[in-house]
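See structure below.
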Amino acid sequence: MTLSSNGMLIRTGILAVIVIVVVAFFWFVVGPGPLDFAGGKTVAIAAYSGANPTGVPVEFAKDDLVTRGRYLTQAADCQACHTTEGGLPFAGGRAFKTPFGTLYSPNITPDRETGIGTWTDADLLQAIHQGISRDGTRLYPAFPYAAYTYLADADVLAIKAYLFSLPAVHNAPPANSLAFPYNQRWLMAIWSFLYNPDQRFQPNAERSPEWNRGAYLAEALGHCGDCHTPRNRLQALDNHRKFAGTVVQGWRAYNITGDQDTGVGAWNNAELTSYLSTGHATGRGTASGPMAEAVDLSLAHLSATDHAAIVAYLRSVPAIPSPDLPAPKAEPAPAAPKLGTPAGIDSRGQKLFAGACAGCHDWTGVSPLSPLATLTGGRAVNDPSAANVAQIILLGALRQTIQGVSIMPAFGSAYSDVEIAALANYVVARFGAKPSAITAEEIAELRRMQ
Amino acid sequence: MFDATATRAGPTRRTFLKAGAAVGGAFLLGFHLPSAMAANAETTVFAPNAFIRIDRQGKVTLIMPQVEMGQGIYTTVAMILAEELDAAFDQVVLEAAPPNDALYANPTFRIQVTGNSNSVRAFWLPLRKAGAAARALLVEASARIWQVDPATCRTDSGEVFHDASGRKASYAALVEHTAGLTAPADPPLKSTANFKLIGQSLKRLDTPDKVNGKVIYGIDAMPPGVTFATLAACPVFGGKVGHVDDSKAKSLPGVRQIVVLDDLVAVVGDHMWAARQGLEALKITWVEGPNAAVSSDDVWKQLRAASEKEGVTARSVGDATGALSKGELIEAAYELPFLAHATMEPMNCTVHLTADSCEIWVGSQVLSRAQAVAAKITGLPLEKITVHNLLIGGGFGRRLEVDHIDKAVRIAQQVAAPVKVVWTREEDIRHDVYRPVYRDRLSATLSGGRIVGWKHRITGSSIIARWLPPAFQKGIDIDAIDSAADIPYDIPNLSVDYVRDEPPAMPTGFWRGVGPNNNVFAIESFMDELARKAGKDPVAFRRDMLGKAPRLQAVLDLAAAKAGWGNPLPPRMGRGIALQTSFGSYIATVAEAEVDEAGEIRVRRIVSAVDTGIVVNPDTVVAQVQGGLIFGLTAALYGEITIDRGRVQQSNFHDYRMLRIDQTPAIEVHLIKSGEAPGGIGETGTTAAPPALGNAIFAATGVRLRRLPIDRSLLAGRKVG
Amino acid sequence: MINLRINGDMRAVDVPGDMPLLWVLRDILGLTGTKFGCGIAQCGACTVHLDGIPVRSCLLPVGTIGERAITTIEGIAETPNGAKIQKAWLDLEVIQCGYCQSGQIMSATALLNVTPNPDDADIDAAMAGNICRCGTYVRIREAIKQAAKSV
Ligand code: FES
Ligand code: FES
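Residue numbers (this note's numbering), protein chains in the order written: chain A, 29 to 478; chain B, 7 to 727; chain C, 497 to 647.
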């Protein structure tokens with residue numbers, strides 16, 4: 029055995045180790061991209077045989093730039109994050125409480141001092157695609173640039189045209205309050221290097237135009253994964269578990285994979301479409317919290333073809349079960365208050381329900397007043413963490429539906445943690461498939477996150 | 007004449023309220039004695055005074071000077087009048103008094119007002135005299151016909167009898183013979199032993215039509231052609247309307263008109279739904295004005311600072327300063343929040359304004375003020391303003407204000423048709439006239455188990471100074487010091503002073519229980535603290551200092567006995583006592599409460615012993631105390647209005663909570679028989695509940711609550727043996 | 497036109513289908529016995545029956561009622577349990593201002609319709625949605641029990 033062959037072996041060995049480390053690194057730390065599950069070959073848009081999946085649906089193609097920009101702005105749901113409750117749209121300042129501190133969304137109206145009035149096209153493209161602000165500072169990935177990076181340049185510029193058509197609002201949001209080391213923005217460069225592919229959407233040559241449009245809507249514009257895909261330790265999406273559900277700001281974003289019992293695999297297309305477009309599907313429940321907001325501000329405004337495209341795309345996502353979730357129970361609870369609640373549930377919950385809830389939701393859980401208020405069949409009451417039920421009780425629900433405003437009042441300010449925990453557990457026990465045991469301490473924690 | 011029971015769809019019914027057999031229910035006839043009729047009143051109608059009218063058919067009409075808001079006052083007033091008149095009670099007809107301060111002013115306040123639990127107290131003698139005078143006249147008329155001595159005649163159930171000759175005459179038959187007779191100024195009154203009605207639990211006259219939906223409240227008035235409006239006033243008190251974008255609202259079906267005034271915006275529609283939809287569709291920018299930045303923190307900071315200042319002395323006995331300088335000084339401060347009234351009937355007022363007349367349908371506790379405010383806005387003379395005072399779906403002091411009438415009349419000035427202005431519950435909570443925040447600083451010294459030195463400083467808004475300026479004298483608000491300056495305990499050295507401090511941004515007003523609420527809570531909580539310091543039982547401690555208040559001592563003994571004071575209770579349960587002499591009544595209340603490990607409170611039982619003097623209708627008194635206690639429990643457990651950026655943060659029953667039936671304790675009310683003049687009762691329970699509950703919670707947990715509403719987090723996790 | 501069966505009569509109303517029944521009853525049909533208290537199903541003042549079941553009319557879109565029979569406080573005396581409840585209410589002098597009582601009576605009647613002999617827990621469950629600011633709860637409980645015993 030020669031020295032050189034020995035050296036070869038060592039080199040090969042080292043190389044193998046490096047390869048293994050690198051592969052492991054990419055597998056475990058970086059993980060797959062959001063569209064990798066689909067397999068197949070991606071091609072440049074120009075090379076794709078079907079219609080261009082970017083831009084607005086054909087029926088809007090002839091609209092002017094600003095109108096197209098508005099459609100895309102809605103599809104990208106910019107308003108939700110860049111508006112405070114009761115504040116002017118896009119004027120920023122909405123707080124995002126993270127475990128590391130609080131972030132505030134910037135003003136993206138064309139105000140020259142506090143907004144983006146002086147930004148060039150290139151500035152905005154750089155921010156949206158690379159997460160780098162005009163002054164070179166790195167943006168936190170609370171701004172979903174790892175998704176927006178897939179946006180076509182033309183779409184970004186249409187969004188800009190729309191934003192610049194709006195009235196300038198002078199509003200300087202508060203400064204972020206992040207603790208060290210999270211206040212070190214340069215660290216985001218490393219994060220970006222790992223997690224932002226910085227590439228535009230490329231159609232999958234082996235998938236239908238509808239699928240590709242759906243992928244563009246769900247991944248580049250709608251950034252569904254930002255809520256529905258669990259994150260790794262570095263706060264990047266863990267696409268090994270794509271769309272399997274996670275918790276965002278105290279709300280549980282449920283599993284939207286094709287899993288039969290715990291995802292949306294059992295939903296038919298009409299149900300999915302109805303849920304996306306109205307935030308409600310008979311027998312499947314009503315969107316609340318951030319999802320309700322996403323529906324009202326974004327999804328409800330999309331065209332029917334776009335809804336269908338998202339549904340087609342969703343259907344292709346591999347099923348992953350959520351082991352802690354039961355298959356939803358759909359049958360109504362008994363009309364008699366004394367029946368239908370498992371023993372051992374804090375009796376306070378029933379009393380509170382009788383006083384504040386039964387008038388609208390009924391003892392059966394099927395609201396005589398509004399389909400939106402029907403509890404049975406919904407995922408929230410079939411979630412033994414009771415997180416979303418508790419959140420809705422705390423914060424209420426405000427739906428801007430096409431039919432008008434629909435409101436569930438927020439009980440948080442006048443009801444104690446103990447009461448809300450008891451009530452949430454009662455609701456889950458009575459209307460869901462599996463009882464919950466949320467505690468007053470957890471309710472207090474949910475309040476802190478607001 | 008408009009009959010509010012008539013609706014656009016229903017048949018017109020003109021109904022009187024008949025005792026016993028209710029035919030229908032609307033007290034809305036107003037005062038109708040047309041001038042032609044008055045001219046020959048001698049022969050057709052016997053109307054000896056402003057409260058009684060008897061016609062030749064024998065119909066006895068009793069005019070109600072006080073408004074019915076649930077307290078049963080119509081029945082009580084009718085009983086007092088009918089007692090002295092000796093009318094057949096099942097045949098009297100009630101009529102609401104029209105606005106007229108000269109005839110119907112409340113003797114205490116000199117204006118037409120129902121409030122301060124004083125209807126019976128204030129009208130007890132005037133009504134008895136009115137009844138007795140009418141009776142004397144009828145007796146005199148019959149005595150003349152029969153040519154007998156009036157003293158040999160007697161009356162019973164609407165008839166005069168001359169037993170010696172076996173003759174009798176009905177009041178109806180005597181009407182025409184009363185001409186020319188003058189009523190005696192000081193007619194003899196019945197002795198209490200001869201009362202036939204007073205003291206009996208008679209059925210209320212207003213309730214039969216309240217079980218079948220026929221009763222007409224202000225909100226139910228439907229004059230022909232009525233339109234419906236709802237309004238939004240600037241969410242910050244003192245703010246103005248900036249700009250209104252009505253492009254979307256205008257085009258909604260059913261929306262008729264958008265009225266923009268200086269301080270409010272209203273939408274008029276074909277029905278309330280259209281008006282509400284219209285209002286929601288408006289984009290209103292407000293000019294928020296000077297209060298735009300005020301928060302509850304600012305309110306408390308200001309109040310606490312003010313309570314450090316010297317106040318105006320309201321009462322001083324002995325040498326308080328000297329007595330407080332000897333021995334251990336025990337000090338505590340108590341705080342009460344803003345409260346909204348939240349009457350179940352939201353604020354509303356219906357107005358039909360024409361060039362030379364104004365007709366108003368409303369429920370008001372201040373009828374003549376209701377008329378006056380409309381006159382002031384419209385420039386019409388008083389006699390052109392007709393006010394139909396309808397039944398009231400809860401007053402509690404809220405309808406002592408006329409802001410809802412003011413707003414409705416100003417809106418009506420812009421609307422060609424009659425307009426009914428109904429506030430949403432949100433508007434009702436956010437534009438109330440709030441029970442003020444108060445801070446009470448108390449200090450005392452003890453010796454030999456008794457209080458020897460006492461100082462009480464009350465700091466808060468003066469409602470009286472705004473509401474009844476002539477009664478605000480020398481810096482003292484008589485309401486704010488009520489039940490504090492006249493503290494019933496025998497304390498040799500005491501001083502009570504008052505600091506007037508008007509909170510920023512918030513209008514303040516009377517709220518059921520008024521001044522005594524604050525003072526009784528502070529004093530009775532502090533008494534409990536002192537009892538512990540003195541090492542004495544809270545009942546015994548109080549009792550020893552009631553030597554000069556035997557009536558209070560008697561109710562204390564009764565309440566303690568009925569409540570089983572001293573009997574052991576399981577862990578985490580406690581009893582608390584509270585005494586009061588407010589509103590001319592003597593009340594002792596024992597609350598029994600349980601506090602669980604999470605700090606949640608269950609009020610198990612409340613026992614009140616009440617000496618309110620002569621009781622006109624015992625069942626009504628019991629009902630008022632029961633209801634008042636629940637009102638007070640709601641405040642103690644949940645009541646608080648807070649502000650942020652000048653805006654009231656509560657809006658409806660989900661965030662301004664009310665006690666519900668499942669939280670209601672067993673309540674016992676024991677009345678003491680008394681021959682003393684009647685006391686007030688409507689507000690007493692409200693005043694009693696919070697300190698009794700606070701003291702019970704202390705007994706259960708050892709946690710002293712010095713602030714309302716009760717902060718349950720202070721009670722959480724307390725391990726109690 | 498929407499056709500409604502109210503207290504046994506057919507009424508046709510020309511209103512939008514999303515208009516809550518409460519305002520149709522009060523402002524269109526003049527049936528003012530049904531009361532507005534909160535508008536958000538928190539107080540029960542607006543309670544009516546649909547086929548004998550209690551419903552908050554303040555949030556009930558009139559267009560969704562269809563064939564179901566509406567009973568309001570004006571018609572409740574025609575039902576045996578309604579009459580019993582009304583009588584007990586007067587016998588025990590439950591009422592104070594009365595504003596909440598239409599709703600209380602409708603809820604109490606509905607309770608007796610399904611539970612002829614309610615215990616305290618039944619009463620709590622059925623009545624806790626009805627707020628009474630005057631605090632008549634103690635008597636409401638007693639009156640329901642008395643009505644249940646009456647024939
Ligand atoms: S008005 Fe409908 S529940 Fe209050
Ligand atoms: S009787 Fe007045 S609100 Fe119930």
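By construction, the Cβ of each residue, glycine as well, lies at the ideal position given by its N, Cα and C atoms.
Review point. Do the segment 246-263 of chain B and the segment 717-724 of chain B meet, that is, are 3 or more Cβ pairs less than 8 Å apart?
Key: no
Practice item. Mind listing the chain A neighbours of Gly540 (chain C)? Cutoff is C-beta to C-beta under 8 Å, in chain order. Key: Gly387
Check your understanding: Considering only C-alpha positions, which residue in the set B:Leu562, B:Ser680, B:Pro671 and B:Pro424 is nearest to Gly619 (chain B)?
Key -> B:Ser680
Review point. Taking the C-alpha atoms as reference points, what is the distance between Ser125 (chain B) and Ser591 (chain B)?
Key: 13 Å
Check your understanding: Does Ala537 (chain C) come within less than 8 Å of chain A when only Cβ atoms are used?
Key -> yes
Review point. Should Pro437 (chain A) go down as buried or exposed, given a rule of 16 or more other Cβ atoms within 10 Å for buried?
Key: buried
Review point. Can you list the residues of chain C that His277 (chain B) reaches, using a CB-CB cut of under 7 Å?
Key: Trp519, Asp523 and Ile524
Check your understanding: The alpha helix (DSSP H) with Trp219 (chain A) in it runs from where to where?
Key -> Leu215 to Tyr223
Check your understanding: Since Lys256 (chain B) meets chain C, which of its residues come closer than 8 Å, beta carbon to beta carbon?
Key -> In chain order: nothing, as chain C lies at least about 17 Å away.
Exercise for review: Using DSSP bridges, identify the partner residues of Met579 (chain B).
Suggested key: B:Glu600
Review point. Can the beta-carbon of His389 (chain A) be found closer than 8 Å to that of Leu403 (chain A)?
Key: yes
Practice item. State the Cα-Cα distance for the pair Gly78 (chain B) and Pro387 (chain B), rounded to the nearest angstrom. Key: 33 Å
**Study point:** Exposed unless 16 or more other CB atoms sit within 10 angstroms - verdict on Thr67 (chain B)
**Key:** buried
Practice item. Tell me whether Pro231 (chain A) is buried or exposed, calling it buried when 16 or more other Cβ atoms sit within 10 Å of its Cβ. Key: buried
Review point. Under 8 Å between C-beta atoms, does Tyr440 (chain B) make it to chain A?
Key: no
Point to revise | Where Val558 (chain C) meets chain A, residues with beta-carbon distance less than 8 Å | key: Chain A residues near Val558 (chain C): none, gap ~12 Å exceeds 8 Å.
Check your understanding: Nearest to Pro362 (chain A) by alpha carbon, out of A:Ala355, A:Pro370 and A:Arg476?
Key -> A:Pro370
Review point. Mind checking if His462 (chain B) is an interface residue toward chain C, Cβ cutoff 8 Å exclusive?
Key: no
Review point. Any heavy atom of ligand 1 closer than 7 Å to the Cβ of Ala457 (chain A)?
Key: no
Check your understanding: Residue ranges of each beta strand (DSSP E) run of no fewer than 3 residues wholly in the segment 164-195 of chain B, ordered along the chain?
Key -> 165-168 and 173-176
Check your understanding: From A:Val58, A:Arg407 and A:Asp139, pick the residue whose C-alpha is nearest to that of Gly307 (chain A); which is it?
Key -> A:Arg407
Point to revise | Outcome for His335 (chain A) when other beta-carbon atoms lying within 10 angstroms are tallied against a minimum of 16 | key: buried
Practice item. Quick one: which residues of the segment 587-615 of chain C get their C-beta closer than 7 Å to a C-beta of chain B? List them in chain order. Key: Glu589, Ile591, Gln592, Cys593, Gly594, Tyr595, Cys596, Gln597, Ser598 and Ile601
Exercise for review: Kindly indicate which three-state DSSP category Glu470 (chain A) falls into: helix, strand or coil?
Suggested key: helix
Review point. Cβ of Leu608 (chain C) within 8 Å of Cβ of Ala579 (chain C)?
Key: no
Exercise for review: Measure how close the beta-carbons of Phe439 (chain A) and Leu422 (chain A) come, nearest whole angstrom, since I'm counting them as under 8 Å.
Suggested key: 7 Å
Review point. Is the CB of Gly372 (chain A) under 8 Å away from at least one CB in chain C?
Key: no
Review point. In the segment 617-633 of chain C, which residues sit with their C-beta less than 9 Å from some C-beta in chain A, listed in chain order?
Key: Ala617, Asp618, Asp620, Ala621, Ala622, Met623, Ala624, Gly625, Asn626 and Ile627
Review point. What is the DSSP secondary structure of Pro550 (chain C), counted as helix, strand or coil?
Key: strand
Check your understanding: If you compare alpha carbons, which of B:Ala239, B:Thr319 and B:Ala348 is closest to Glu294 (chain B)?
Key -> B:Ala239
Check your understanding: Between Pro715 (chain B) and Tyr662 (chain B), which are expected to be in contact by the criterion C-beta below 8 Å, what is the C-beta distance as a whole number of angstroms?
Key -> That pair is no contact at about 11 Å.
Review point. In chain order, what residues of the same chain lie with their CB nearer than 7 Å to the CB of Ala461 (chain A), ignoring the 5 residues before and after it?
Key: Pro354, Ala355, Pro356, Lys357 and Asn410
Exercise for review: Determine, using beta carbons only, whether Lys379 (chain A) comes closer than 8 Å to chain B.
Suggested key: yes
Practice item. Taking Gly548 (chain C) as the query, report the chain B residues whose CB atoms sit under 9 Å from its CB, ordered along the chain. Key: None at all; the shortest Cβ gap to chain B is about 18 Å.
Review point. Who are the near neighbours of Met477 (chain A) in its chain, counting only those whose CB is closer than 8 Å to its CB and skipping five residues on each side?
Key: Lys125, Gln277 and Gly278
Check your understanding: Of all Cβ atoms in chain D, is any one closer than 8 Å to the Cβ of Pro516 (chain C)?
Key -> Among the protein chains in the structure shown, which are A, B and C, there is no chain D.
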